[in-house]
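Participant: Numbering (the working numbering), first residue to last: 14 to 577. Quick reminder that beta carbons are idealized off the backbone N, C-alpha and C, glycines included.
(1) Select from 444, 96, 77 and 490 the residue whose C-alpha is nearest the C-alpha of residue 470.
(2) Identify whether residue 272 lies in helix, strand or coil by the three-state DSSP scheme.
(3) Within this structure, are the beta carbons of residue 89 and residue 134 separated by less than 7 Å?
(4) Quick one: using the 10 Å Cβ neighbour count with 16 as the cut-off for buried, is residue 354 buried or exposed?
(5) Which residues bound the alpha helix (DSSP H) around residue 88?
(6) Check residue 32 in the structure and name its three-state DSSP category.
(7) Suppose the cutoff is 8 Å on Cβ atoms and the five residues either side in sequence are ignored; what does the same chain contact list for residue 221 look like?
(8) Let's see if you can read the secondary structure: which residues bound the beta strand (DSSP E) around residue 397?
(9) Give a yes or no on whether the C-beta atoms belonging to residue 61 and residue 75 are separated by under 7 Å.
(10) According to DSSP, simplified to helix, strand and coil, what is residue 313?
(11) Do residue 171 and residue 151 have their C-beta atoms closer together than 7 Å?
(12) Would the region 371-381 and the region 261-268 be scored as touching if the rule is three or more Cβ pairs under 8 Å?
(13) Check the DSSP bridge columns for residue 157 and list the partner residues they point to.
(14) Looking at residue 84: is its Cβ nearer than 7 Å to the Cβ of residue 114?
(15) Is residue 172 near the ligand ADP - that is, is its Cβ less than 6 Å away from at least one heavy atom of it?
(16) Grouping DSSP H, G and I as helix and E and B as strand, with all else coil, what is residue 408?
(17) Helix or strand or just coil, what does DSSP make of residue 137?
(18) Can you list, in chain order, the residues of its chain with a C-beta nearer than 8 Å to that of residue 239? Leave out the 5 residues immediately preceding and following it.
(19) Can you grab the Cα-Cα spacing for the pair residue 522 / residue 336, in whole Å?
(20) Could you give the residue range of the alpha helix (DSSP H) that holds residue 43?
(21) Closest by CA to residue 156, which one among 403, 351, 458 and 314?
(22) Keeping to the same chain, check which residues put their C-beta closer than 7 Å to that of residue 342; ignore five residues upstream and five downstream.
(23) Helix, strand or coil for residue 211 per DSSP?
(24) What number of angstroms, rounded off, separates the C-alpha of residue 360 from the C-alpha of residue 57?
(25) Could you give the DSSP three-state label for residue 288: helix, strand or coil?
(26) How would you call residue 387, buried or exposed, if buried means at least 16 neighbouring beta carbons within 10 angstroms?
(27) Would residue 165 and residue 188 be called neighbours here (beta carbons separated by less than 7 Å)?
(28) Using a Cβ-Cβ cutoff of less than 7 Å, which residues in the same chain neighbour residue 237 once the five nearest sequence positions on both sides are dropped?
(29) Do the region 510-527 and the region 494-501 touch if we need at least three Cβ pairs shorter than 8 Å?
(30) Whose C-beta lies closer than 6 Å to the C-beta of residue 25 among residues of the same chain, with five residues either side of it excluded?
(31) Is it buried or exposed for residue 315, if we count other Cβ within 10 angstroms and need 16 for buried?
(32) Looking at the structure shown, is residue 52 part of a helix, part of a strand, or coil, going by DSSP?
(33) May I ask you to report which of helix, strand or coil DSSP gives residue 206?
(34) Within 10 angstroms of the Cβ of residue 36, are there 16 or more other Cβ atoms? Answer buried if so, exposed if not.
(35) Measuring alpha carbon to alpha carbon, tell me which residue in 407, 467 and 364 is nearest residue 394.
(36) Return the bridge partner residues of residue 240 from the DSSP annotation.
Structure representation (structure tokens):
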């Protein structure tokens with residue numbers, strides 16, 4: 014993972030703006046602590062902070078096309094770059110590196126803006142053409158990698174990987190939307206990612222082919238093992254990360270880049286879990302690690318350590334969303350430990366719940382149509398929640414998070430399965446859960462035998478619950494100390510927009526506005542907390558959830574089962 018910062022369409026003094034760019038990009042150097050690069054002319058300044066993952070020796074950016082002079086800065090990984098080099102370029106090009114990113118320059122040269130549809134990866138990038146001052150900006154299909162853009166009072170266009178590099182120089186800024194590109198020659202945003210399964214009114218009828226599902230996810234994980242540096246696995250103790258870890262362990266001994274012909278550079282695979290002492294997830298993560306043969310590391314934190322970290326977590330995650338901060342804090346602490354071991358990349362399990370309906374409120378879905386519509390809605394917002402949390406919590410310490418469940422090829426298969434086959438049906442009284450259809454049943458069934466039974470058929474535990482139930486309770490207690498009853502009574506006056514409904518939300522919002530006082534910053538956080546059971550669909554499914562203010566999975570009464 015890397016950080017990019019550019020100023021385009023320059024309106025002022027290029028020399029002074031270059032100084033500004035060099036200063037502002039330092040705010041995102043945590044994303045790319047390995048090297049810094051700057052390219053500039055009288056119409057653009059392009060900065061790059063590199064986290065060296067692929068072609069460590071030669072892949073520094075910005076990259077320049079020797080033929081056209083175009084300049085490229087990328088935050089991302091292009092998993093199919095070798096196939097693209099071999100099959101999608103008709104003309105010879107003067108490649109300078111083995112970087113997965115360099116092909117973007119030549120694909121754009123040959124195919125134009127539509128080349129983004131050829132990419133399998135996670136990315137946010139800028140291509141600038143010094144011949145005419147034109148530029149091209151694009152972001153990956155789901156928004157796994159963050160990107161923001163805005164203008165200052167003079168009209169200069171700023172583009173950056175994180176908001177913290179923009180908020181004090183731009184008069185207005187916003188999230189660059191996932192699955193879109195902007196070509197300055199056209200002067201408009203274009204949605205390039207338009208999967209059929211997300212079309213309004215469409216309800217898929219695809220078969221429940223467990224073998225195809227298994228093969229597609231295995232292919233996605235294998236693609237994402239592309240790495241020239243030590244990597245690791247996050248094992249939360251839940252089914253999603255455990256399946257990803259089990260797949261990765263089967264392919265860890267051979268080098269993906271050589272098609273399995275060579276031994277892996279880093280043959281010992283390391284796995285990580287995080288939690289308070291006695292956390293529900295810890296023992297299950299340990300079980301999975303033993304089963305797959307990884308060198309496992311259990312990272313324990315104290316409540317006070319986590320509470321002390323919250324201001325930094327809000328700064329790095331750039332949100333005041335309650336669920337994101339609850340889950341992001343342990344992940345932020347874990348990331349620091351991971352980087353201390355020299356590991357730069359990890360595989361994680363984000364996205365599965367949005368594909369298969371893993372959240373506990375999906376128990377109440379009344380029919381397949383509404384079930385599928387809610388999956389589509391959740392995926393469309395993932396860039397504001399779990400993707401933002403995983404990316405920024407890890408990048409805070411220079412670690413890249415990869416999420417195989419959100420691979421576009423896997424998404425195409427999994428989201429075209431008939432949602433009736435994803436719906437939840439309770440097992441007969443007194444019978445094991447696997448005899449019914451629990452959350453994510455088809456995913457679990459597809460990997461029967463890959464993961465220990467007690468983990469494979471374990472009910473979902475939200476990450477912020479699984480690290481220890483006392484973590485959330487402790488945050489609430491801290492918020493009681495930080496926020497008075499008088500503060501809450503007058504919350505609508507201090508925060509007339511997106512008024513926080515709880516003391517915890519008030520506390521996070523207060524920290525956020527100290528970090529990011531620009532009024533535009535509030536617009537970048539979704540309206541209200543990401544409470545699963547207060548979504549519009551869920552309220553239709555059970556009106557009692559309309560008044561719930563706690564986003565913890567434990568709040569879904571009658572569904573959540575306390576971990577043993």
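Facilitator: If we stick to the structure as given:
(1) In the chain shown, the residue the question calls residue 470 occupies position 457. Of 444, 96, 77 and 490, the residue nearest in Cα terms is 444.
(2) Locating residue 272 in the chain shown gives position 259, where the first residue counts as 1. Here residue 272 sits in coil by DSSP.
(3) Counting from one through the chain shown, the residue named residue 89 turns up at place 76. Counting from one through the chain shown, the residue named residue 134 turns up at place 121. One thing to note: residue 89 has its Cβ within 7 Å of the Cβ of residue 134.
(4) The residue you call residue 354 lines up with position 341 of the chain shown. Exposed.
(5) Here residue 88 refers to the residue found at position 75 of the chain shown. Residue range 84-91 is occupied by the beta strand (DSSP E) that includes residue 88, with no alpha helix (DSSP H) assigned at that position.
(6) Taking the chain shown and counting its residues from 1, the one referred to as residue 32 is at position 19. The answer is helix: DSSP assigns residue 32 an H, G or I state.
(7) For the purposes of this step, residue 221 is taken as residue 208 along the chain shown, with counting starting at 1. Cβ neighbours of residue 221 within its own chain (closer than 8 Å, five residues either side excluded): 430, 431, 434 and 455.
(8) Taking the first residue of the chain shown as 1, we reach residue 397 at position 384. In the DSSP annotation of this structure, residue 397 is not part of any beta strand (DSSP E), being labelled neither H nor E.
(9) Counting from one through the chain shown, the residue named residue 61 turns up at place 48. Counting from one through the chain shown, the residue named residue 75 turns up at place 62. Result yes, Cβ atoms of residue 61 and residue 75 sit closer than 7 Å.
(10) What you label residue 313 is simply residue 300 of the chain shown in a count that begins at 1. Three-state DSSP puts residue 313 in a strand.
(11) Working through the chain shown from its first residue, we reach residue 171 at position 158. Working through the chain shown from its first residue, we reach residue 151 at position 138. Not in contact: residue 171 and residue 151 (Cβ atoms no closer than 7 Å).
(12) These segments do not touch.
(13) Position 144 of the chain shown holds residue 157. Bridge partners of residue 157: none, in fact.
(14) Here residue 84 refers to the residue found at position 71 when the chain shown is read from its first residue. Here residue 114 refers to the residue found at position 101 when the chain shown is read from its first residue. No, Cβ-Cβ distance for residue 84 and residue 114 is not below 7 Å.
(15) In the structure shown, the ligand ADP is absent, as is every other ligand, since no ligand is present at all.
(16) Walking along the chain shown from the start, residue 408 turns up at place 395. Per DSSP, reduced to three states, the secondary structure at residue 408 is helical.
(17) Taking the chain shown and counting its residues from 1, the one referred to as residue 137 is at position 124. Strand.
(18) The sequence position of residue 239 within the chain shown is 226, counting from 1. The answer, listed in chain order, is 67, 90, 92, 113, 269 and 270.
(19) Sequence index remark: in the chain shown, residue 522 carries index 509 (1-based). Sequence index remark: in the chain shown, residue 336 carries index 323 (1-based). Straight-line Cα distance between these residues: approximately 13 Å.
(20) Locating residue 43 in the chain shown gives position 30, counting from the first residue. Membership of residue 43 in any alpha helix (DSSP H) is not indicated, and neither H nor E is assigned to it by DSSP.
(21) Within the chain shown, residue 156 is the residue found at index 143, counting from 1. Checked all of 403, 351, 458 and 314; the closest Cα to residue 156 is 403.
(22) For this step, residue 342 is matched to residue 329 along the chain shown. The answer, listed in chain order, is 319, 322, 323 and 326.
(23) As a working note, residue 211 is residue 198 in the chain shown. Reduced to three states, the DSSP call for residue 211 is helix.
(24) Stepping through the chain shown from its first residue, residue 360 is reached at position 347. Stepping through the chain shown from its first residue, residue 57 is reached at position 44. Taking the straight line joining both Cα atoms gives about 35 Å.
(25) By one-based count along the chain shown, residue 288 stands at place 275. Secondary structure of residue 288 (DSSP, three-state): strand.
(26) Position 374 of the chain shown holds residue 387. Residue 387 is buried by the Cβ-count criterion.
(27) As a working mapping, residue 165 is identified with position 152 in the chain shown. As a working mapping, residue 188 is identified with position 175 in the chain shown. Annotated as distal: residue 165 and residue 188, with beta-carbon spacing of 7 Å or more.
(28) To locate residue 237, count along the chain shown from 1; it is residue 224. Excluding sequence neighbours, residue 237 sits near 92, 360, 415 and 417.
(29) Segments in contact, yes.
(30) Numbered from its first residue, the chain shown carries residue 25 at position 12. Closer than 6 Å at Cβ, skipping near neighbours: 167.
(31) Position 302 of the chain shown holds residue 315. Answer is exposed; the Cβ neighbour count stays below 16.
(32) The residue given as residue 52 occupies position 39 in the chain shown. Strand.
(33) In the chain shown, the residue the question calls residue 206 occupies position 193. Residue 206 carries a coil assignment under DSSP once its states are collapsed to helix, strand and coil.
(34) Your numbering for residue 36 matches position 23 in the chain shown. Per the 10 Å Cβ criterion, exposed.
(35) As a working mapping, residue 394 is identified with position 381 in the chain shown. When C-alpha distances from residue 394 are compared across 407, 467 and 364, the shortest belongs to 364.
(36) Counted from its first residue, the chain shown places residue 240 at position 227. Answer is none; residue 240 lacks a bridge partner.
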